[in-house]
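With my numbering applied, the sequence shown covers 3 to 222.
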Amino acid sequence: MSEIVFAPSILSADFGRLVQEIESVEEVADSIHVDVMDGHFVPNITIGPLVSNSLKRSNRVNTPLSIHLMIDDPWKYGPEFEVDSEDMILFHREATDRPFELFDRLRGLGCKVGISQKPASPVDEIFPMLEELDEVLVMGVEPGFGGQEFNPEAIERIEALERRIRESSHDTVISVDGGMSPSTIGPVVRAGADKIVAGSAIFGKEDRVQAVRDMEDALP
Ligand code: DX5
Ligand code: ZN
């Protein structure tokens, strides 16, 4: 098993001190997970390109951003994010009928590209896309809010993706987002996850570095 990496989700951070919150996790973060919600695709509103681009321009964030678009119009707003080669933009399969064209459009920004699905969407529709993708983000909860309970049905989707990736020559990363904590991380990693996205299990704790260490200690 390769090393499991962590992406703290700032959805559970204090938005009034975003830079300091990000700084508090950079030591243990592979990337910073930025949840973008529009109040349509999911019933919640968060932040968009303005805030994300300010973070980039602040020059105080030294960790790549992983921008998770939970919005109806990734075609319009995806290209508004300022990104570099280490950053990633992930959109939802349900938000476009032309995913391959959107991969190209977003790659044209110079970043990595990933896709996600709501839990009810069929995972096999992702299989033909794997070679185009840097990452597949499997939702462990219905997208929209932090702090929800992990739905174990995600395990089967992770296993199916892992099998498919292993059979092919791609090295697409499988990440899992939602409900991740020391008590849920084990089966997810056994199923094939490479990256863990966690909001409340990290930002809900006083000592964020220790919170990630606690998840590492729970790895199988
Ligand atoms: C949910 C978001 C997640 C969220 C996870 O729609 O996509 O990134 O921050 O939060 P936790 O880790 O608290 O379940
Ligand atoms: Zn997310």
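For each residue, glycine too, the CB sits at the ideal point set by N, CA and C.
Predicted model only: the values in this text are computed from it and were never measured.
Selected residue, minimal CA-CA separation from residue i, among the options
i             : options                           : result
lysine 200    : Arg192, Val211 and Asp136         : As written in the sequence, residue 200 is alanine, which differs from the lysine given in the question. When each option's Cα is compared against that of alanine 200, the closest is Val211.
proline 130   : Ala122, Arg95, Glu158 and Glu155  : Arg95
valine 44     : Glu161, Ile34, Leu221 and Glu144  : Glu144
glutamate 208 : Val27, Gly18, Val7 and Ser11      : Val27
serine 170    : Leu20, Asp74 and Leu132           : Leu132
leucine 163   : Arg100, Ile24 and Asp196          : Asp196
alanine 31    : Ser56, Val63, Ser54 and Lys58     : Val63
threonine 65  : Asp74, Met72, Leu71 and Ser54     : Ser54
aspartate 179 : Gly206, Val214, Val140 and Ile187 : Val140
Status (buried if at least 16 other CB within 10 Å, exposed otherwise) for residue i
i             : result
aspartate 136 : buried
glutamine 119 : buried
aspartate 219 : exposed
leucine 92    : buried
glutamate 5   : exposed
aspartate 16  : exposed
arginine 159  : buried
glycine 116   : buried
glycine 18    : exposed
proline 222   : exposed
serine 87     : exposed
Contacts around residue i, its chain only, beta-carbon distance under 8 angstroms, and the 5 residues preceding and following it disregarded
i              : result
methionine 182 : Gly142, Phe152, Val190, Ile198, Val199, Ala200, Ala203 and Met217
threonine 98   : Pro76, Trp77 and Leu104
glutamate 29   : Val211
isoleucine 157 : Pro189, Val190 and Ala193
serine 185     : Ala220
serine 60      : Val21
aspartate 126  : Ala162
Other residues of its chain near residue i: CB distance less than 7 angstroms, five sequence neighbours each side excluded
i             : result
isoleucine 47 : Met39, Asp40 and Gly41
proline 51    : Tyr79, Glu82 and Phe83
aspartate 13  : As written in the sequence, residue 13 is leucine, which differs from the aspartate given in the question. Hits under 7 angstroms: Asp37, Thr48, Gly148 and Gly201.
arginine 1    : Look at the range of the chain in this structure, 3 to 222, and you will see that residue 1 is not part of it.
methionine 3  : Residue placement at methionine 3 is flagged as unreliable, the pLDDT there being 45, under the threshold of 50; the coordinate-derived value follows with that caveat. Within the same chain, methionine 3 has no close Cβ partners at all.
glutamate 155 : Pro121
serine 123    : Arg95 and Glu96
valine 214    : Phe8, Val30 and Ile204
aspartate 74  : Asp40, His42, Phe43 and Ala97
Proximal residues to residue i (C-beta, below 6 angstroms), its chain only, five neighbours per side dropped
i             : result
valine 85     : Leu111 and Cys113
serine 68     : Ala9, Ser33, His35 and Met90
glutamate 24  : The question names glutamate, but residue 24 in the sequence shown is isoleucine. Hits under 6 angstroms: Ile34 and Val63.
leucine 57    : Val63
methionine 72 : Met39, Phe43, Val44 and Pro145
The stretch 169-182 in contact with the stretch 99-106 per 3-pair CB rule at 8 angstroms: no
Stretch pair the stretch 108-115 + the stretch 147-162: three plus CB contacts closer than 8 angstroms: no
The ligand ZN site residues, beta-carbon cut 5 angstroms against heavy atoms: Asp37, His70 and Asp179
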